[in-house]
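Data block below; observations after.
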Ligand SMILES: [Zn+2]
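In our numbering, the protein residues as written are 396 to 680.
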């Protein structure tokens, strides 16, 4: 399959764009979206074309569950990060995807993003592969609650706490000096007093198996798989591209910069997501 398109000259893009229009026109498309779709909403993509490394080390599941000090650091940083992520609004790329859904062209959306912006744009049938920062779960009783509620509780428990401006990561984590986190007060589950964790898949943690299998089944039923804004660095998303190519279900990748899945793609479009998706909606009958 068109591996030669990987290094295609820019003039070949109308052809690959045309292929994408044809695939969407045929319907039954499954979308796999990543951080590149949310950059136009002001959420940084640390694996994007800028090539900038992530700011600071991500929290691992083992560190989070194993140490109260690690949880204090995490929640202090995340409390700051939420001011940024929680206020982000969907961009024209998210709105275009929602419109494709309303036109009945999508079989489902698998997103690696934890920002909730597909749903905020009105999209249905969204599977959040890595969970959502908009929810919090209790590790003891399993109850899920809204992040906005936790944000209010953390703000109330930490009056006057302000670590100043911080660098924000796309997973809602922020970089703070340790002395700024040492005074931060963490709150526990209101129902049982258990430890609260954002309802996202941490590094060192697996995507729940039923969710993984449901996405494999979705890809197998699809007429095509279209990747939007992911370099497919993380195996949790990349495996669906590999699987689609094996079935085979044609894969189109729209991303700024090369991706790990390019060799599996029937076509690649290297362009800003918001513009391409808006053009796509316009080009469809
Ligand atoms: Zn609980």
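We put the CB at the ideal spot given by N, CA and C, even for glycine.
So who's on the other strand from residue 523, going by DSSP bridges?
-> DSSP links residue 523 through a beta bridge to 506.
Inter-residue spacing [alpha-carbon to alpha-carbon] between residue 503 and residue 575 | About 42 Å.
Start-to-end residues for the alpha helix (DSSP H) that takes in residue 662 | Membership of residue 662 in any alpha helix (DSSP H) is not indicated; the residue belongs instead to the beta strand (DSSP E) covering 662-664.
Using only alpha-carbon positions, find the residue among 519, 465, 438, 497 that is nearest to residue 477.
-> Answer by Cα proximity: 438.
Between the region 411-428 and the region 603-622, do at least 3 Cβ pairs fall closer than 8 Å?
-> Here the region 411-428 lies against the region 603-622, with 3 or more beta-carbon pairs under 8 Å apart.
6 Å CB neighbourhood of residue 411 in its chain, flanking five on each side removed | Here the set comprises 662, 664.
Continuous alpha helix (DSSP H) stretch holding residue 673: start and end = Segment 668-678, the alpha helix (DSSP H) holding residue 673.
Residue 589 to residue 651, Cα distance in whole Å?
-> Going by the C-alpha atoms only, they are around 42 Å apart.
Use the C-beta contact count for residue 490: other C-beta atoms within 10 angstroms, 16 or more gives buried, fewer gives exposed.
-> By the neighbour-count rule (16 or more Cβ atoms within 10 Å), residue 490 is buried.
Listed in chain order, which residues are found with a beta carbon closer than 6 Å to a heavy atom of ligand 1?
-> Spelled out in chain order, the answer is 533, 535, 536, 538, 584, 586, 587, 589.
Inside the region 589-675 only - alpha helix (DSSP H) runs reaching at least 4 residues = Listed in chain order, the complete alpha helix (DSSP H) runs (minimum 4 residues) inside the region 589-675 are 604-616, 630-641.
Enclosing alpha helix (DSSP H) for residue 492 [first to last residue] = DSSP places residue 492 inside the alpha helix (DSSP H), whose first and last residues are 487-497.
Between the C-alpha atoms of residue 583 and residue 510, what's the straight-line distance to the nearest angstrom?
-> Answer to the nearest angstrom: the Cα atoms are 23 Å apart.
Within 10 angstroms of its Cβ, does residue 413 collect 16 or more other Cβ (buried), or is it exposed?
-> Around the beta-carbon of residue 413, fewer than 16 other beta-carbon atoms lie within 10 Å, marking it exposed.
Let me know if residue 537 comes out buried or exposed under the rule of 16 or more other beta-carbons within 10 Å of its beta-carbon.
-> By the neighbour-count rule (16 or more Cβ atoms within 10 Å), residue 537 is not buried but exposed.
On the three-state DSSP scale, how would you describe residue 447?
-> Legend: pLDDT at residue 447 = 41, less than 50; position of this residue unreliable, value from coordinates given subsequently. Residue 447 falls in the coil class under three-state DSSP.
Residue 630: buried (16+ other C-beta within 10 angstroms of its C-beta) or exposed?
-> Label assigned to residue 630: exposed.
Which class does residue 550 belong to by DSSP, given the choice of helix, strand or coil?
-> Helix at residue 550.
Can you give me the Cβ contacts of residue 647 inside the same chain, cut-off strictly under 8 Å, excluding the 5 residues immediately before and after it?
-> Within the same chain, residue 647 has close Cβ partners 411, 414, 415, 418, 619, 620, 621, 622, 660, 661, 662, 663, 664.
Boundaries (first-last residue) of the beta strand (DSSP E) holding residue 455 | No beta strand (DSSP E) holds residue 455; DSSP gives it neither H nor E.
Residue environment, residue 578, which counts as buried when at least 16 other CB atoms sit within 10 Å = Around the beta-carbon of residue 578, fewer than 16 other beta-carbon atoms lie within 10 Å, marking it exposed.
Tell me which same chain residues have a C-beta within less than 7 Å of the C-beta of residue 458, skipping the five on either side of it?
-> Taken in chain order, the residues that qualify are 465.
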